[in-house]
Amino acid sequence: MDDAILINKLSNKLKMNTLFAIDTITQEVIVSESQKGSKKINLIERIARKENVVLYDAVVTLTSITNASYFDTKIFKSMDKVCQMIYNQHKEKQ
Numbered sequence: 001m002d003d004a005i006l007i008n009k010l011s012n013k014l015k016m017n018t019l020f021a022i023d024t025i026t027q028e029v030i031v032s033e034s035q036k037g038s039k040k041i042n043l044i045e046r047i048a049r050k051e052n053v054v055l056y057d058a059v060v061t062l063t064s065i066t067n068a069s070y071f072d073t074k075i076f077k078s079m080d081k082v083c084q085m086i087y088n089q090h091k092e093k094q
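The sequence shown lines up with residues 1 to 94 when you count with my numbering.
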């Protein structure tokens with residue numbers, strides 16, 4: 001039983017977070033990843049707006065939530081999950 005707990009703790013430490021940003025000049029979504037607790041960010045890919053308009057608009061919305069005068073963590077996390085789902089669907093179609 002201790003092995004299962006150790007494995008679970010290990011997998012949580014190695015968990016990667018997917019990060020999204022918008023490049024307004026090139027109109028691309030920048031998709032990156034970072035290991036939980038790390039300051040190092042690795043670029044995964046850049047997705048042109050014309051390639052996935054829904055993802056682009058979702059990340060724009062996510063970004064606008066972070067710039068709101070009242071930041072609501074629940075709304076941010078919910079929108080981040082939406083971006084994750086759209087991105088995962090995008091990856092499956094490729």
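Here a beta-carbon is modelled for each residue, glycine too, at the ideal position from N, C-alpha and C. All of these numbers come straight from a predicted model, not from anything done at the bench.
Check, Outcome
"May I ask you to report which of helix, strand or coil DSSP gives Asn52?", "coil"
"Does the stretch 46 to 58 come into contact with the stretch 79 to 92, if we say contact requires no fewer than three beta-carbon pairs (one atom in each stretch) closer than 8 Å?", "yes"
"Report the three-state DSSP secondary structure of Phe76 (helix, strand or coil).", "helix"
"In the DSSP output, what is Ile86 paired with across the bridge?", "DSSP lists no partner for Ile86."
"Can you grab the Cα-Cα spacing for the pair Ile47 / Ser64, in whole Å?", "19 Å"
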